[in-house]
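Asker: Protein chains in written order, with my numbering: chain A, 1 to 114; chain B, 1001 to 1235.
Yeah, the Cβ is synthetic: ideal placement off N, Cα and C, and Gly gets one too.
Fair warning: this is a prediction, and the values are worked out from it, not measured in the lab.
Mind looking over this structure? Questions follow.
The following block contains the structure:
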């Protein structure tokens, strides 16, 4: 492997560029969170930002996927996504039905299309 | 959740999250991460190390992608830290839920490590039913269970990656956004929450095309603030 050193050096790289760069936001979150009042306006705003951000990640993952999912046509991704949501409600808001159902829909549609 | 009476039983209750839909979906996605790590030339040890110490799948993928493309350590760290900003509001809103009446700084930092989208969503679903002073052990239980599934999934995916048909890995990866959106929708009641989710979904593709790299941050700030203002104005 050319981009990582062997042994400790490689792990050090992963720790600095990965774990540390990642964890710093969690530590800052602990500090900020210890001053947040759950009934306060600031808490509501931070929560709204977090929700919008995660929802944004969802639409980015479906519309602009990486890896194997990128080879599945957009129409199949969108139809399976809508199908999963429909199954969720049809099964009385059952999370498993929506998630597994949507995944199976994508698998079958892609097999039928290709 | 009435049978939760001691910190130990609250922790064990949390561990039960390892056989939830959430854990299954995370395992499925982690399979994809393990396969990607092997594809790009990382060792099994590196893969498990990243799953355990980062415990945030999208950020793990960013790091692997950067290093495999030959980015410097500093450039890779910058890309990871931009992706990790989203952990900040999630941790900041989880901490007031779990801290109870007594301050336990070390346990709070460990609890914060276990905050990722999956545990944040599961916590929002389960924690309100738990007595305040038992929420920290309960959250730690959820964290250990879900983090364990992350490592197990990554290792399994690494070992299985040779021979998995691409269409199967595509379907596995696809369950993650579905799980995220359905759990968000299932727990959102207030106008503020629903509008934050709708705005987030709508704005992200636009920001992705205009400011790639900063797109999620911009989506969260613009969409979240608009939802906050609108939710308050109508109250």
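Which same chain residues, not among the five before or five after residue 1161 of chain B, have their C-beta less than 6 Å away from its C-beta?
Answerer: Cβ within range, chain order: 1035 and 1038.
Asker: Measuring CA to CA, which of A:114, A:45, A:21 and A:6 is closest to residue 1053 of chain B?
Answerer: That would be A:21, whose Cα lies nearest to the Cα of residue 1053 of chain B.
Asker: Mind checking the stretch 55 to 67 of chain A against chain B and listing, in chain order, the residues whose C-beta falls within less than 8 Å of any C-beta there?
Answerer: Under the 8 Å Cβ criterion, the stretch 55 to 67 of chain A contributes 55, 56, 57, 58, 59, 60, 61, 62, 63, 64, 65, 66 and 67.
Asker: How would you list, in chain order, the residues of chain A whose beta-carbon sits under 7 Å from the beta-carbon of residue 1108 of chain B?
Answerer: Per Cβ cutoff of 7 Å: 30.
Asker: Do you know how far the Cα of residue 1133 of chain B is from the Cα of residue 1139 of chain B?
Answerer: Going from the Cα of residue 1139 of chain B to the Cα of residue 1133 of chain B covers about 11 Å.
Asker: Look up residue 30 of chain A in the DSSP assignment and say whether it is helix, strand or coil.
Answerer: In the structure shown, residue 30 of chain A sits in a helix (DSSP, three-state: H, G or I).
Asker: Measuring alpha carbon to alpha carbon, tell me which of B:1233, B:1089 and B:1204 ends up nearest residue 1116 of chain B.
Answerer: The shortest C-alpha separation from residue 1116 of chain B is found at B:1089.
Asker: For residue 8 of chain A and chain B, any beta-carbon pair shorter than 8 Å?
Answerer: No, residue 8 of chain A does not count as interfacial toward chain B.
Asker: How would you call residue 1013 of chain B, buried or exposed, if buried means at least 16 neighbouring beta carbons within 10 angstroms?
Answerer: Burial call: buried.
Asker: Taking a cut of 7 Å between CB atoms, which residues from the stretch 1142 to 1164 of chain B lie near chain A?
Answerer: Residues: none.
Asker: In three-state DSSP terms, what is residue 1001 of chain B?
Answerer: Any reading at residue 1001 of chain B must be qualified, since the residue scores a pLDDT of 48, below 50, and its modelled position is unreliable; the value itself is stated next. The answer is coil: DSSP assigns residue 1001 of chain B none of H, G, I, E or B.
Asker: What residues in its chain sit with their C-beta under 8 Å from that of residue 1063 of chain B, if we drop five residues either side in the sequence?
Answerer: So the qualifying residues of the chain are 1050, 1054, 1076, 1079 and 1080.
Asker: Please confirm if the stretch 84 to 100 of chain A is in contact with the stretch 1092 to 1112 of chain B, defined as three or more CB-CB distances below 8 Å between the two stretches.
Answerer: Output reads no: the stretch 1092 to 1112 of chain B does not touch the stretch 84 to 100 of chain A.
Asker: I'd like to check one pair, residue 1087 of chain B with residue 25 of chain A: are the Cβ atoms closer than 8 Å?
Answerer: In contact: residue 25 of chain A and residue 1087 of chain B (Cβ atoms closer than 8 Å).
Asker: Comparing the C-beta of residue 1094 of chain B with each C-beta of chain A, is any distance below 8 Å?
Answerer: So yes, residue 1094 of chain B belongs to the interface.
Asker: Take residue 1152 of chain B and list the residues in its own chain whose beta-carbon comes closer than 8 Å to its own, dropping the five residues that flank it on each side.
Answerer: Correct list, in chain order: 1027 and 1030.
Asker: For residue 4 of chain A, I'd like the list of residues in its chain whose CB is within less than 8 Å of its CB, leaving aside the five on either flank, ordered along the chain.
Answerer: Result list for residue 4 of chain A: 10, 13 and 14, in chain order.
Asker: In chain B, which residues lie with their C-beta within 8 Å of the C-beta of residue 106 of chain A?
Answerer: By Cβ distance, chain B contributes 1170, 1171 and 1174.
Asker: Tell me which residues of the stretch 1069 to 1080 of chain B have at least one Cβ-Cβ distance to chain A shorter than 7 Å, keeping chain order.
Answerer: So the close ones are 1070, 1073, 1076, 1077 and 1080.
Asker: Exposed or buried, what is residue 45 of chain A when buried is set at 16 or more other beta-carbons lying within 10 Å of its beta-carbon?
Answerer: Flag for residue 45 of chain A reads buried.
Asker: Using Cβ-Cβ distances below 8 Å, what residues of the stretch 83 to 102 of chain A are close to chain B?
Answerer: Result list: 84, 85, 88, 93, 95, 96, 98, 99, 100 and 102.
Asker: Candidates B:1097, B:1032 and B:1143: which alpha carbon is nearest residue 1166 of chain B's?
Answerer: The candidate whose alpha carbon is nearest that of residue 1166 of chain B is B:1032.
Asker: At 7 Å on the CB atoms, spell out the chain B contacts of residue 78 of chain A, in chain order.
Answerer: Under the 7 Å cutoff, chain B gives no residues; its nearest Cβ is about 11 Å from residue 78 of chain A.
Asker: Label residue 1204 of chain B either buried or exposed according to how many other C-beta atoms from any shown protein chain fall within 10 Å of its C-beta, with 16 as the threshold for buried.
Answerer: Flag for residue 1204 of chain B reads buried.
Asker: On the three-state DSSP scale, how would you describe residue 1015 of chain B?
Answerer: Of the three classes helix, strand and coil, the one that applies to residue 1015 of chain B here is helix, per DSSP.
Asker: Report the three-state DSSP secondary structure of residue 1138 of chain B (helix, strand or coil).
Answerer: If DSSP states are grouped into helix, strand and coil, residue 1138 of chain B belongs with the helices.
Asker: Does the CB of residue 74 of chain A have a neighbour CB from chain B at under 8 Å?
Answerer: Not closer than 8 Å to any Cβ of chain B, the Cβ of residue 74 of chain A fails to qualify, so no.
Asker: Determine the contact status of residue 61 of chain A and residue 1096 of chain B, defining contact as a CB-CB distance below 8 Å.
Answerer: No, the Cβ-Cβ distance between residue 61 of chain A and residue 1096 of chain B is not below 8 Å.
Asker: Using a beta-carbon distance below 8 Å, is residue 19 of chain A in contact with chain B?
Answerer: So yes, residue 19 of chain A belongs to the interface.
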